[in-house]
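Numbered continuously in my numbering, the sequence shown closes out at residue 540.
In this text, a Cβ means the ideal position worked out from N, Cα and C, and glycines have one as well.
A quick note: this is a predicted structure, and the numbers were derived from the prediction, not measured.
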Amino acid sequence: ADGSSAFGKDKQWGYFPGVGAAWQVKEENFLKNVDFITDLKIRTSYGITGSQNGADDFSSLGLWSGGSSYLGNPGTAPQQIANPDLGWEQTTQFNTGFDLSLFEGRLAFSFDYYRKYTSDGIISSPLAATTGFSSYTKNQIEISNRGYELGISSTNIKGKDFNWTTSFNISGNKNKIEKLSAPVKFGSRDLIWNIEGSPLYSFYLYKELYVDPQTGNVVYDDYNKDGKITAADRQVYGSVWPKFFGGMGNNFAYKGLDLGVFFSFSYGNKVYNHNRFFGEAGGARDANRIIFASNVDRWQKPGDVTNTPRPDGINNNNYKDDGSRWLEDASFLRLRSLVLGYTLPKSITERVKLDRVRLSVTANNLFLITNYTGLDPESSASSSQNAQGIDLGTPPQPRSFQFGINVSL
């Protein structure tokens, strides 16, 4: 049980039970004598957890604030509408998996599959302006998640002088907004929305089909088939979530030398390259904007086949801020880190009365493989979770080098 004063008077307490079980299969008679299986355990669990993320300390209360002067007289005014029914967000989760170790631990697997359902999700829900408030905090959204996590580790070579180990992990998750009475948008650019039936933080855009070779204008998908392009033709077109992601590390050791190499990867997530929106405007933006080289390939005369339309001004047909042209695949493979070390022999360290001395050099972000045309596929214009997936003037992750010495007395 847990209580929080952030919620309404009758909603402050939540009760979150859980249960788990495991079967040590290796100890059963039919596996005891199977030598190549070192360990096998099957496990499962079910439980409910509570969250108050999204609710501030006084979210359920009607608040007033000072500084609301009128005709030169000091005054107070409503700051926040009350919601006494605000309560705990709850997530029910079922999990099952196994741990398997083979060949005296030389090869090991860990796998988990889960299903989660979040009810009474806490969000800032929009209100009609006639109420005097733009939004209020309430339990409104329901979200489902299902996914997997797989980890593999191996000792590839284990010798007197040379050792090599590998670790690999991959995860995938699919989420869906199961219930939401009204769409909720995030950020000032109107690009990312939460919409019932779609993944969290989906891009809500006009789908661009092609550039008409005769006119140089963008042809959009008439989503509602009414013969004209209006706001009703915007559609969910990708999300910030990857289909899968993970990493792989290799560690090598030869006598006093050691080398660690770690790669990370992501596949299927999207990033809205807002830099291109400004840079491909054909010079229509202010003079301080960088004009992208893709403008050279823009449509210029009937018959031109290109993906860059003719300039027609700011936020007109060919340069809609919420067009799909600037939404890009942000899949990547990155060499996240490389660490090279050398431990001095005991014969040297003992002379100076030291137990261990290790010299090392660490390099981060040595190379990146991606089709994303921006500076970094992991870019985000905001530190907010809700604004991930938008690249606007975001510096890339730096390539860095560090040198170190470890001394043990």
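Val350 has Tyr341 as its beta-bridge partners, per DSSP. The Cβ-Cβ distance between Asn306 and Pro330 falls below 8 Å. In this structure, Val436 is the residue among Val436, Ser285, Ser302 with its C-alpha nearest to the C-alpha of Asp343. Ranked by how close their Cα comes to the Cα of Leu231, the residues Gln224, Thr223, Phe240 have Phe240 in first place.
Nearest Cα to Lys451 within the set Asn348, Ser425, Ile326: Asn348. Judged by their CB atoms, Glu273 and Ser256 are not nearer to each other than the 8 Å cut-off. Three or more Cβ pairs drawn from the stretch 394 to 410 and the stretch 516 to 533 lie within less than 8 Å of each other, which places the two stretches in contact. Counting along the chain, the unbroken alpha helix (DSSP H) around Leu162 starts and ends at 160 to 163. Only exposed fits Arg530, as fewer than 16 other CB atoms lie within 10 angstroms of its CB. Per DSSP, the unbroken beta strand (DSSP E) holding Asn382 starts and ends at 375 to 385.
In the displayed model, Val492 falls within a strand according to three-state DSSP. Straight through space, the alpha carbons of Ala132 and Thr207 are spaced by roughly 38 Å. In the same chain as Lys140, and ignoring 5 residues on each side of it, the C-beta atoms closer than 7 Å to its own belong to Pro215, in chain order. Inter-segment contact for the stretch 159 to 170 and the stretch 221 to 235 is present: three or more beta-carbon pairs are separated by less than 8 Å.
Pairing Lys338 with Tyr351 gives a Cβ-Cβ distance under 8 Å.
Here the alpha carbons of Arg487 and Ile479 stand approximately 10 Å from one another. In chain order, Leu194 place their CB closer than 6 Å to the CB of Gln211, counting only its own chain and leaving out the 5 sequence neighbours on each side.
Taking one beta carbon from each stretch, the stretch 317 to 328 and the stretch 426 to 433 have fewer than 3 pairs nearer than 8 Å; the two do not touch. One alpha carbon belongs to Phe396, the other to Phe293, and they sit about 28 Å apart. In this structure the stretch 441 to 457 does not lie against the stretch 469 to 485, because fewer than three pairs of beta carbons, one per stretch, are closer than 8 Å. Asp357 counts as exposed, since fewer than 16 other beta carbons sit within 10 angstroms of its beta carbon.
Within the stretch 151 to 214, complete beta strand (DSSP E) segments of at least 3 residues are found at 168 to 182, 194 to 196, 208 to 211, given in chain order. Per the coordinates, the alpha-carbon of Leu202 lies some 41 Å from the alpha-carbon of Gln143.
For Asn204, the number of other beta carbons within 10 angstroms of its own is below 16, and it is reported as exposed. In the DSSP assignment, Gly290 falls outside any alpha helix (DSSP H), carrying neither H nor E. No Cβ-Cβ contact shorter than 8 Å links Tyr368 with Leu340. Relative to the Cα of Ile288, the nearest Cα in the group Tyr245, Tyr267, Arg407, Arg237 belongs to Arg237. Shortest Cα-Cα distance from Ile254 to any of Thr439, Asn164, Asn325 involves Asn325.
If the five residues before and after Glu280 are omitted, its C-beta is found closer than 6 Å to the C-beta atoms of Asp243, Ser302, all from its own chain and listed in chain order. In its chain, beyond the 5 residues on either side, Gln271 have a beta carbon closer than 7 Å to the beta carbon of Ser312.
Between Ile179 and Asp187, the alpha-carbon positions lie close to 22 Å from each other. The residues Asn502, in chain order, have a CB closer than 6 Å to that of Asp460 in the same chain once the five nearest residues on each side in sequence are set aside. CA-CA distance, Gln155 to Phe161, rounds to 12 Å. Between the C-alpha atoms of Ser275 and Phe394 there is a straight-line separation of about 30 Å. Shown here, Ile479 sits in a helix according to DSSP, grouped into three states.
Taking 8 Å as the upper bound for CB-CB distance, Gly149 and Tyr177 are in contact here, some 7 Å apart.
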